[in-house]
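Participant: Please read through the structure below; I'll follow up with questions.
There are 2 protein chains.
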Amino acid sequence: MSEASTLAAVDALREGAPPSRLRIEAPEPTVDGGRFAVKRCVGDRVDVSADVLRDGHDVLRAVVRARPARPGEPWREHPMVHVDAHVRGDRWAGSFEVDEPGAWVWTVLAWVDPFAAWREEVQRKVEAGLQDLAGELAEGAVMLRAAAARADGERHRTIQAALGLLEDETAGTTARTDVALTHELHVAVEAVQERFEATDMEPHAAVWVDRLRARFSTWYELFPRSWGGFTGVAEQLPRLAELGFDVLYLPPVHPIGETNRKGRNNTLVAGPEDPGVPWAIGLQGVGGHEAIHPDLGTPEEFEALTAAAAARGIDVALDLAIQCSADHPWLTEHPEWFNRRPDGTLKYAENPPKKYQDIYNVNWNTEDWRGLWQAVYEITLGWVQRGVRVFRVDNPHTKPFAFWEWLIEEIHRDHPDVLFLAEAFTRRKVMQQLAKLGFSQSYTYFTWKNAKWELEEYLTELAHGPEREYFRPNLFTNTPDILNAYLVDGGPAAFYIRLLLAATLSPTYGIYSGFEAYENTPLRPGSEEYLDSEKYELKDRALDGPMLPFVERVNAVRCEHPALQRLSNLRWIETESDGVLAYAKRWEQDLVLVVVTLDPRTVQEAVANVPADLGLPPVFAVEDLLSGERFDWHLGRNYVRLDPDFRVAHVLAVRH
Amino acid sequence: MSEASTLAAVDALREGAPPSRLRIEAPEPTVDGGRFAVKRCVGDRVDVSADVLRDGHDVLRAVVRARPARPGEPWREHPMVHVDAHVRGDRWAGSFEVDEPGAWVWTVLAWVDPFAAWREEVQRKVEAGLQDLAGELAEGAVMLRAAAARADGERHRTIQAALGLLEDETAGTTARTDVALTHELHVAVEAVQERFEATDMEPHAAVWVDRLRARFSTWYELFPRSWGGFTGVAEQLPRLAELGFDVLYLPPVHPIGETNRKGRNNTLVAGPEDPGVPWAIGLQGVGGHEAIHPDLGTPEEFEALTAAAAARGIDVALDLAIQCSADHPWLTEHPEWFNRRPDGTLKYAENPPKKYQDIYNVNWNTEDWRGLWQAVYEITLGWVQRGVRVFRVDNPHTKPFAFWEWLIEEIHRDHPDVLFLAEAFTRRKVMQQLAKLGFSQSYTYFTWKNAKWELEEYLTELAHGPEREYFRPNLFTNTPDILNAYLVDGGPAAFYIRLLLAATLSPTYGIYSGFEAYENTPLRPGSEEYLDSEKYELKDRALDGPMLPFVERVNAVRCEHPALQRLSNLRWIETESDGVLAYAKRWEQDLVLVVVTLDPRTVQEAVANVPADLGLPPVFAVEDLLSGERFDWHLGRNYVRLDPDFRVAHVLAVRH
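Here is the structure:
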């Protein structure tokens, strides 16, 4: 009906074979009809399904075929089952494991099985008491002869023996059909059958496979200048590893511009000692995005840091912020990459109502867009070559989608282990688009979801809505830009609550340095900016916050419990209270129940109503993974009392 | 990420312009991501929507463009509105009317509007009290100069005047920005604006537009041999028109085979007087699908019938049954179109447990499939040339999907007014596939849906599920093959109930001759076959059933009430009874309420609980369109009493 289908029909008439009678449709999982890849991690099993339709009443077979997308890689074939046959459906399901990172493709191959159809027909007619089956037996003999020619060894003998009996006209019909219907014959023929009308799903479906850290990761963000530069940061690595952090995210480490440099608390005039904002990147004579701020250390020290981190299982994540200070070398080397006003002035960056007088955006519509894209690619690749495998991308939603899709794919071509976190707090569909086109993880609205209903609604969407196939939420509790009122108003208990929520709702979460010390003084009442923000001044930081033992314990629990390393297994539990949130996560034998207060001020009493279909016995033993206590819980209502000064949550492992 | 997107990215790098920064996604209505066309009728307004995404914070504009799919046809442009802007969504909606039958295409064209963005920025800065807007004003002047160059007349004068003030550096900032923000200037510039980054949705979306009868039609099925052949049938046309039927469906009118001809009641041996089954098509020396059975009349008489019918607004629908008796000329002319067993015998058709010993299917996998497709095309075209504009297609689900897609498209190329009804009672997805690929109407499971819950469930799916875009149900009450137990057991009241349901639930329905006479004797208890079925013997039929006055009234009501000529407006009404079904249909000013008993045996009492949101006043006058009675009804519960011997339903028009 559409123009495309007209052409297909005409083409089919021109070619030799008739168009396939099979249609393979509605494959899952896919994103936007196959336009984008779904995301998985190494070791995941991908459950797939598709409709397999054909006219008529023939017996169909189908398999799922999967392989890494490299040219020449052979298909690996996996069985599919017709899952709704008994209700006259057309859905087939199967699965395959993705055992290496990178791009994968999969398809469904379906075909017609005339021997099975023949067998069903003979069986039906035998059961109906029909005697004259000469025509059917002759048809069967043709198929058996063809099968025998393709078989060898035991199979050949089985088929040949059956053929002899089938063609023995001196034998009775019953004896001959009995042979035709044996299970042994069926198995032998199926094993060597030709795949009639074999039809491949078009287009193939895509899976992008990341290393496990894309799904399960624990982030700590710090400004290296507050820790003595790269060597000072390197000294923190043993403790960070002990605390359970496996991604150490550094804001931009590049030279900082001097023109329009911001002073303390975002003032427009910097004092001589003010270090400037790390996101105002570039200084003439020192360098741009490829360079390192001299105060932080040398390139060698940076590489030593990434190497030392890697040795402890920690990724150093770098900030990829494609923007320039007025002193960035690009402004002189590539003036054509910037938009100037009619009066020749540059326009500083704005994200209303925020203003960045020290920052200029590039013009993505420049005629030399190829040069610009290539430059960013080379910068990114340069950092990969210095050991960076994770990038936190600043404001990706203000740069072209096509650019990101291209950049991520180019980097992934040789480095499929590189992860990209999208720092986009913007319209939902734009955030989704960035995740679809390739970002490995995404910041979320989590910091602004503090009430029970909004946590349940938002996490349900992330865990169980269409985004589950491509959008991996990274639940930061705070960032240098986001100090939520809940933390400001709630005091220390609020910090324990929010960390526990982030760490147990999502397999990936993060904190920005200072969180563990309950830092919560806003620039002014109602502001989400920190007072005396580290963005504008030097601090002297240390890993000594009072919350660290709790952080360490929670992160250890996450490592010990595979159920907490996934999002798709999130299941809410009724608490009969708006002040208490509860949920279960199960993965294989591991089952964790979390009951957490949302109220940082007053004691909350509630029940955790354990549903029968979690598969637990009427009474079961649980261990509180935070306190070490043991309780007997039971199906149905379990009383809980959560006191923000003493215990904000139960994190219970069900003991077997 | 997928192979396709890699290529697109690489291609973009090769070409001159950067890839578009706009993405236009998730267009609705579409079927299977645009693989198939949605269906509409001439005069329908097509409501469309799509996501329009771009990075950054620019102001976007979008229009929907639609046109008949003919080459060279110009686009007609219609406005789109950003419908969820205030909740930070990205959805745009618009509509267009389809005013002629055939294939249509539509697309969304979106672009960036820098003048609107500039205007918003100036407004924001003015409101913030900023004084130094020299840079902004200079930017605006550039845009105004460009706009002035594109404008003429009053617009040119408006823009030029504003430009003069804007550039007057002696004037104050306020005076200059006031000019920049006038509504007149905005309108003048928008009217002549360039469409920056103009981006077309790819691929375009398709709509197939039928004449109105595709949606709203009233079918009567008769075997012409029971009515004196074509001339006898022609004599019935005035009464059929009076009764409100507008499609007269004839089972196959072709010569009938003699080999293995069936006798009365499907017996395997025919007597010398037995006429055979009309679906056993073809007789050597007389003809096949292109020929007319000599007992029915001449080709001229057939053409006279279609012409006389057309003059009364009735379509003669022919049966397209691609199957052959053993005596069909194709068996000798095209033996390669048939599958023979190893012993040379043909295999008769089966649809387990049904057997058709008098019918042979063609082999769609024949090497000469092109010849076979072409032959069916020529046969179909031949009947079109004899005045047939509607085909009821027999068992389309046992022929290749690709064949139907091709055939329907080929016929539609020159004859977009031809309708195809799919007679497929099979797996749901196969029925959907046939509708998707082009069938105008479809038989349904309606005959087997007699309980309230199954009627509500099924009609809700058809009216409001994804099928609403492409699947038009034709609710036949009975067919020569389907005499449902409800009719057998329920007696005359069951017939009134089922006709009323079919005729008011769906804009398209049909009855098979004999229904109006309460014919309900099954071949044997539990069978859905009629005793002494017309399929196997000659009858002497007349339009004299006792139900005809009711049929005539119901069909007249359908014609008078546009609300009954659509399915998408179906809305259930609570009755507080499993024995009574109620629903409302509204179209523009027309509102019809139907309350119908489902119990053909006993009196049912119930309420029709009219919901407030139908927009009716607390008390409103209704007229029973069947009885002429008038009542006062009110919002909330209205008592109804339905006695199967006296009144099976209220069909109430709300009076204004």
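Chains as they are written, first to last, in my numbering: chain P, 1 to 656; chain W, 1 to 656. Where a beta carbon is used, it is the ideal one built from N, C-alpha and C, also for glycine.
Counting only Cβ pairs nearer than 8 Å, list the residues of chain P close to Pro416 (chain W).
Facilitator: Residues of chain P passing the Cβ test: none, with the nearest at roughly 11 Å.
Participant: Check whether chain W comes within 8 Å of Arg70 (chain P), counting only Cβ atoms and requiring the distance to be less than that.
Facilitator: no
Participant: Could you name the residues of the same chain whose beta carbon sits closer than 7 Å to that of Ile411 (chain W), not counting the 5 residues immediately before and after it, in chain order?
Facilitator: Thr380, Leu381, Val384, Val418
Participant: Expressed to the nearest angstrom, what Euclidean distance is found between the alpha-carbon atoms of Leu652 (chain W) and Leu581 (chain W)?
Facilitator: In a straight line, the C-alpha of Leu652 (chain W) is about 14 Å away from that of Leu581 (chain W).
Participant: Going by the C-beta, is Tyr377 (chain W) closer than 7 Å to any heavy atom of the ligand NAP?
Facilitator: With respect to the ligand NAP, the structure offers nothing, as it holds no ligand at all.
Participant: Mind listing which residues of the region 385-398 of chain P have their C-beta closer than 7 Å to chain W's C-betas, in chain order?
Facilitator: Legend: CB atoms of the region 385-398 of chain P lying less than 7 Å from CB atoms of chain W belong to residues His397, Thr398.
Participant: Which residues, taken in chain order from the region 399-410 of chain W, show a beta carbon closer than 7 Å to some beta carbon of chain P?
Facilitator: Lys399, Pro400, Phe401, Ala402, Glu405, Trp406, Glu409
Participant: Between which two residues does the alpha helix (DSSP H) holding Asn555 (chain W) run?
Facilitator: In the DSSP assignment, Asn555 (chain W) falls within the alpha helix (DSSP H) that extends over 548-560.
Participant: Please report the straight-line C-alpha distance between Pro644 (chain P) and Arg601 (chain P), rounded to a whole angstrom.
Facilitator: 6 Å
Participant: Report the neighbours of Lys347 (chain P) on chain W: residues whose CB is nearer than 8 Å to its CB, in chain order.
Facilitator: Gly135
Participant: Let me make sure I understand the geometry here. Which of W:Leu538, W:Ala349, W:Ser442, W:Lys355 has the alpha-carbon closest to that of Glu273 (chain W)?
Facilitator: W:Leu538
Participant: Considering Asp414 (chain W), what are the terminal residues of the alpha helix (DSSP H) in which it resides?
Facilitator: 401-414
Participant: Do Pro74 (chain P) and Pro18 (chain W) come within 8 Å of each other at the CB atom, strictly closer than that value?
Facilitator: no
Participant: In angstroms, rounded to a whole number, what distance separates the CA positions of Arg472 (chain P) and Gln441 (chain P)?
Facilitator: C-alpha separation (whole angstroms): 5 Å.
Participant: What residue ranges within the region 97-174 of chain W form continuous beta strand (DSSP E) runs of no fewer than 3 residues, ordered along the chain?
Facilitator: Taking 3 residues as the shortest admissible run, the region 97-174 of chain W contains the following complete beta strand (DSSP E) segments, listed from N- to C-terminal end: 102-112.
Participant: Residues of the region 319-353 of chain P with a CB closer than 9 Å to any CB of chain W: list them in chain order, please.
Facilitator: Cβ contacts with chain W: Arg341, Pro342, Asp343, Thr345, Lys347, Glu350, Asn351, Pro352, Pro353.
Participant: When burial is assigned at 16 or more other CB atoms within 10 Å of the CB, is His289 (chain P) buried or exposed?
Facilitator: buried
Participant: When the cut-off is 8 Å and only beta carbons count, does Gln433 (chain P) lie next to chain W?
Facilitator: yes
Participant: Name the two residues that bound the continuous beta strand (DSSP E) containing Ile511 (chain W).
Facilitator: Where Ile511 (chain W) is concerned, the enclosing beta strand (DSSP E) stretches over 508-512.
Participant: Taking 8 Å as the threshold (C-beta atoms), are Ala198 (chain W) and Leu53 (chain W) in contact?
Facilitator: no
Participant: Applying the criterion that 16 or more other CB atoms from any shown protein chain within 10 Å of the CB defines a buried residue, is Thr521 (chain P) buried or exposed?
Facilitator: exposed
Participant: For the beta strand (DSSP E) containing Leu652 (chain P), name the first residue and the last one.
Facilitator: Taken as a continuous stretch (DSSP letters only), the beta strand (DSSP E) holding Leu652 (chain P) covers 649-654.
Participant: Nearest to Glu77 (chain P) by alpha carbon, out of P:Ser95, P:Arg88, P:Arg119, P:Arg524?
Facilitator: P:Ser95
Participant: Smallest Cα separation from Pro396 (chain P): which of P:Arg389, P:Ile408, P:Val388?
Facilitator: P:Ile408
Participant: In three-state DSSP terms, what is Glu290 (chain W)?
Facilitator: coil
Participant: Give me the chain W residues within the contact set of Val430 (chain P), using Cβ-Cβ distance strictly less than 8 Å, ordered along the chain.
Facilitator: Leu53, Asp55, Asp90
Participant: I'd like to know whether the C-beta of Trp633 (chain P) is nearer than 8 Å to at least one C-beta of chain W.
Facilitator: no
Participant: Quick one, which of P:Glu333, P:Asn339, P:Asn363, P:Pro203 has its alpha-carbon nearest Ile322 (chain P)'s?
Facilitator: Each of P:Glu333, P:Asn339, P:Asn363, P:Pro203 was checked against the Cα of Ile322 (chain P), and the nearest Cα belongs to P:Asn363.
Participant: Between Glu423 (chain P) and chain W, is there a C-beta pair that is closer than 8 Å?
Facilitator: no
Participant: Taking Cβ-Cβ distances shorter than 7 Å, what residues in chain W pair up with Glu139 (chain P)?
Facilitator: Arg341, Pro342
Participant: Given that Gly33 (chain P) touches chain W, what residues does it touch there, using C-beta distances under 7 Å?
Facilitator: Gly33 (chain P) reaches chain W at Gly33, counting residues in chain order whose Cβ is nearer than 7 Å.
Participant: Val209 (chain W) versus chain P: which residues are under 9 Å apart at the beta carbon?
Facilitator: The contacting residues do not exist; Val209 (chain W) stays about 11 Å from chain P at best.
Participant: Could you compute how far the alpha carbon of Ala66 (chain W) sits from the alpha carbon of Cys41 (chain P)?
Facilitator: 43 Å
Participant: Could you tell me which residues DSSP puts in a beta bridge with Asn361 (chain W)?
Facilitator: When DSSP reads this structure, Asn361 (chain W) sits in a beta bridge with W:Gln323.
Participant: Using only the alpha-carbon positions, how far apart do Arg124 (chain W) and Ile359 (chain P) sit?
Facilitator: 20 Å
Participant: Since Pro27 (chain P) contacts Ala50 (chain P) with CB under 8 Å, what's their CB separation in whole angstroms?
Facilitator: Contact between Pro27 (chain P) and Ala50 (chain P) holds: CB atoms are separated by about 4 Å, below the 8 Å threshold.
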